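Enquirer: Heads up, the sequence shown is in our numbering, so the first residue is 4 and it goes up one at a time. Quick reminder that beta carbons are idealized off the backbone N, C-alpha and C, glycines included. This structure is a prediction, so every number in the text was calculated from the model and none was measured.
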Amino acid sequence: MTTDTHEFDHDILVTDTTLTVWRLLPDDATPDRRFHVSLDGGEPVELTLTHYTFEDLEPSSAHTVEVGYDADGSGRFVPLLTEHAVTAPVKQRLDVSQPPYNAVGDGATLNTAAIQRALDDCDAEHQVVIPKGVFLSGALRLHSNTELVIEHGGVLQGSSNPADYEPRIWSRFEGIEGERYSSLLNIGVLDHSSSYNCENIVIRGHGSILGGGVELMQSTIDQEMERLKDQLIALGDRIAEFEKPTTLAGRVRGRLINVSNGRNIVISGLTVGMGPAWNLHFVYSDHVTVSDCTFVSRAVWNGDGCDPDSSTNVAVFGCAFETGDDMVAIKSGRNPEGNVINRPTEHVRIFDCNSLFGWGIAIGSEMSGGVSDVEVWDCDMSRTAYGLEVKATKKRGGYVRGVRMRQCRTSRIMIHSVGYNDDGEGSDVPPVFENMEFRDVHLLDRFDPSTVSGGSIGDIDCDIDVQGFDVPGYEVRNVAFHNIGFTIAPDRKTSDEDHMSIRLRHTRNVVFDDIQS
Numbered sequence: 004m005t006t007d008t009h010e011f012d013h014d015i016l017v018t019d020t021t022l023t024v025w026r027l028l029p030d031d032a033t034p035d036r037r038f039h040v041s042l043d044g045g046e047p048v049e050l051t052l053t054h055y056t057f058e059d060l061e062p063s064s065a066h067t068v069e070v071g072y073d074a075d076g077s078g079r080f081v082p083l084l085t086e087h088a089v090t091a092p093v094k095q096r097l098d099v100s101q102p103p104y105n106a107v108g109d110g111a112t113l114n115t116a117a118i119q120r121a122l123d124d125c126d127a128e129h130q131v132v133i134p135k136g137v138f139l140s141g142a143l144r145l146h147s148n149t150e151l152v153i154e155h156g157g158v159l160q161g162s163s164n165p166a167d168y169e170p171r172i173w174s175r176f177e178g179i180e181g182e183r184y185s186s187l188l189n190i191g192v193l194d195h196s197s198s199y200n201c202e203n204i205v206i207r208g209h210g211s212i213l214g215g216g217v218e219l220m221q222s223t224i225d226q227e228m229e230r231l232k233d234q235l236i237a238l239g240d241r242i243a244e245f246e247k248p249t250t251l252a253g254r255v256r257g258r259l260i261n262v263s264n265g266r267n268i269v270i271s272g273l274t275v276g277m278g279p280a281w282n283l284h285f286v287y288s289d290h291v292t293v294s295d296c297t298f299v300s301r302a303v304w305n306g307d308g309c310d311p312d313s314s315t316n317v318a319v320f321g322c323a324f325e326t327g328d329d330m331v332a333i334k335s336g337r338n339p340e341g342n343v344i345n346r347p348t349e350h351v352r353i354f355d356c357n358s359l360f361g362w363g364i365a366i367g368s369e370m371s372g373g374v375s376d377v378e379v380w381d382c383d384m385s386r387t388a389y390g391l392e393v394k395a396t397k398k399r400g401g402y403v404r405g406v407r408m409r410q411c412r413t414s415r416i417m418i419h420s421v422g423y424n425d426d427g428e429g430s431d432v433p434p435v436f437e438n439m440e441f442r443d444v445h446l447l448d449r450f451d452p453s454t455v456s457g458g459s460i461g462d463i464d465c466d467i468d469v470q471g472f473d474v475p476g477y478e479v480r481n482v483a484f485h486n487i488g489f490t491i492a493p494d495r496k497t498s499d500e501d502h503m504s505i506r507l508r509h510t511r512n513v514v515f516d517d518i519q520s
C-alpha cells in the first residue's frame, strides 16, 4: 500500500445525479500504473486516469467509493482510498427565460437586470438555469450558496460594451490591487486582510459562458488610454519598463469569471472563454475546482485560461485549452505589494489536461507572495510554446518551491528569470527557485525557434532552460530530471539536428538521470 502523504491529495464532488472522485498520483506510480474504482461494493472500473465520475445516481443518496491501486501494471491492486459521500438534493429551477424574469435568448437583448434578479432570488434550495439560447448580459454578481446551470445549447454571452461592466470594483490584475472593471461573473469582495466572504458556489452544465472577447478588450483599453493620457505622457522614458505601451491601460480590464475571497467554488462541464483578459481568476480563495471545461481565447491578449492567485487547494482537471496566453498561470502578487500582503498560492493540482494552442502552464511571473506544492501529472502540453515555465523578474522577491511534474508530454521546461513586465518598485532580494522534480516527462519539440517570439524570452532556443539570478544565494537549486525523453515532432519544419538542448546558468545541485534523446 502506498504510504505517501500530502495535503489536498484527494476530493469528492457531487451533484444530484453524479459523484466524481479524484486522487493525487501516488509517489511510487510508474507509467504503467492502473486504478480500480468502485461504488457501494459494485464491480470495479479499471482505468489509468486518477479521476472518475459515476453518473445516473439518485439524488440525496449515500454512497461509498473505493479506489484500488496497481503501481506498476503487475495486476496487484492494493487499497488506496475509501470515502463516503451523499449526492445533492434536487433543487427548484429558476429559469431566467420564464416569469418573473423573462430574459430573452436572442443574442441581442441585454438581460443583465433579469438574470441578476434570478441570482438574487437564489438560495441553497434553488438553482438559476440558463436554457437554450444566447442570453446577452453585462456584469453579474453571485452570493453564497448559489448554483448556476448553463444547459446544453445555452450561452451566457457577455456584452462587448465596457459600460455594461460598471461600476468598477477593487480587484487585482498582474499582481497589483486597484480599481478594475467588473467581470461578467463576480464572486466575493476582494480583501487581502480578511478570510472568505463568499462560499459554496457551483457553476456547471453543458453550455457556454463567453465574454465580449477582442472587441471588449480593445474598447476597454482604448477608453482607458484616453483617460490616462496625461499620466502616460508624464511617464516619459519609463514607459519602456512596461511590457507594451498599452499595458497600464490594459490592467483595468475585468475577467470572464472573477472570484475574490471565495471558498468551495466549483466550475464544471462548460465551454468558457473570450473574456477581455484572463478567463477564470481566483484571488485569496480556497478549495476551488475546475473540471471538464473547454477554454477558448485564442485571439485575446492576456487570454489565460485559469489563474489561481494567492489561493490554496486548487484542482484543475479534465480540461482542454486553446488560449491566447497561458493555459494555467499560478500567481501570488507582485514586488513589494505581494511581499507585504504575503498570501502564497499553495497546493495546486493540475492533471489530465491538454492544450491545443497557447503558452502552457506558467508559475509567475507575479509570484512575490510565494508559490509552493504544485503537482502536474497526466497532461499533454506538447502543442504549447513554453511547456511548463517557472518565471520571475529579479524585482519580484518571494519564492517558488515544491513543483513536481510527472508522466506528461510537453514542449519544453523552463525555470528562469525574465525581463518583461518589470515596471514598478522592486523587492530587496531576488526570488528563490528551489526543490523541483520532473519525472517520466517526454519533450516533443514542435516549434521551430524562429517561429515563436514575443513571449517570455523572445525566440526559444533550448528545450530545458534552467537559469537562476546572478546574485549569490539566489541560484536555482535542488532540481531533478528523471527519465526525460526527447523527440522533434514530425510536423515541425526545421533543419535542426534531432538532439536535446539544455542550458544551465546560475544553478546549484541540478541532477539529470536517464535522459533519452
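Straight-line CA distance for Asp-426 to Gly-178?
Expert: Each residue's alpha carbon lies about 12 Å from the other.
Enquirer: Measure from the alpha carbon of Lys-397 to the alpha carbon of each residue in Pro-347, Arg-144, Pro-339 and Thr-387, then state which is nearest.
Expert: Comparing Cα positions, the closest option is Pro-339.
Enquirer: Should Asp-310 go down as buried or exposed, given a rule of 16 or more other Cβ atoms within 10 Å for buried?
Expert: Per the 10 Å Cβ criterion, buried.
Enquirer: Determine, using beta carbons only, whether Ile-333 and Val-319 come nearer to each other than 8 Å.
Expert: It is not a contact, given that the beta carbons lie outside the stated cut-off.
Enquirer: At which residues does the beta strand (DSSP E) containing Lys-232 begin and terminate?
Expert: Looking at the DSSP string, Lys-232 is not in any beta strand (DSSP E); the run it does join, the alpha helix (DSSP H), is 232 to 238.
Enquirer: If you draw a straight line from the alpha carbon of Ile-212 to that of Phe-138, how long is it in whole angstroms?
Expert: Looking at the two C-alpha atoms, the distance is approximately 10 Å.
Enquirer: Which of the three DSSP states, helix, strand or coil, is assigned to Val-217?
Expert: It is helical.
Enquirer: Under 8 Å between the Cβ atoms of Ile-364 and Val-374?
Expert: Not closer than 8 Å, so no.
Enquirer: Between which two residues does the alpha helix (DSSP H) holding Arg-120 run?
Expert: Here the alpha helix (DSSP H) through Arg-120 covers 115 to 124.
Enquirer: Name the one or two DSSP bridge partners that Trp-25 has.
Expert: Asp-14 and His-54, per the DSSP bridge assignment.
Enquirer: If we call anything under 8 Å between Cβ atoms a contact, is Asp-73 one with Arg-36?
Expert: Going by C-beta atoms, Asp-73 is nearer than 8 Å to Arg-36.
Enquirer: Evaluate Phe-105 with the Cβ neighbour count: other Cβ atoms within 10 Å of its Cβ, from every protein chain shown; 16 or more gives buried, anything less gives exposed.
Expert: Before going further, note that residue 105 is Asn rather than Phe in the sequence given. Classification for Asn-105: exposed.
Enquirer: Does DSSP put Leu-447 in a helix, in a strand, or in coil?
Expert: Three-state DSSP puts Leu-447 in a strand.
Enquirer: Between Trp-25, Cys-356 and Gly-265, which lies nearest to Gly-308 when the distance is taken from Cα to Cα?
Expert: Closest by alpha carbon: Cys-356.
Enquirer: May I ask you to report which of helix, strand or coil DSSP gives Val-343?
Expert: The answer is helix: DSSP assigns Val-343 an H, G or I state.
Enquirer: May I ask which residues mark the beginning and end of the alpha helix (DSSP H) holding Leu-188?
Expert: Where Leu-188 is concerned, there is no enclosing alpha helix (DSSP H), although the beta strand (DSSP E) it sits in stretches over 188 to 190.
Enquirer: Determine, using beta carbons only, whether Asp-329 and Gly-361 come nearer to each other than 8 Å.
Expert: Yes, the Cβ-Cβ distance between Asp-329 and Gly-361 is below 8 Å.
Enquirer: Does DSSP put Gly-253 in a helix, a strand or coil?
Expert: Helix, per DSSP.
Enquirer: Where does Val-406 land, buried or exposed, given buried means 16+ other C-beta within 10 angstroms?
Expert: By the neighbour-count rule (16 or more Cβ atoms within 10 Å), Val-406 is buried.
Enquirer: Let's test the definition: count the other Cβ atoms within 10 Å of the Cβ of Gly-461 and tell me whether it reaches 16, buried, or not, exposed.
Expert: Since pLDDT at Gly-461 reaches only 49, below the 50 mark, its modelled position is unreliable, and the value read off the structure follows with that caveat. Counting Cβ neighbours within 10 Å, Gly-461 comes out exposed, since fewer than 16 surround it.
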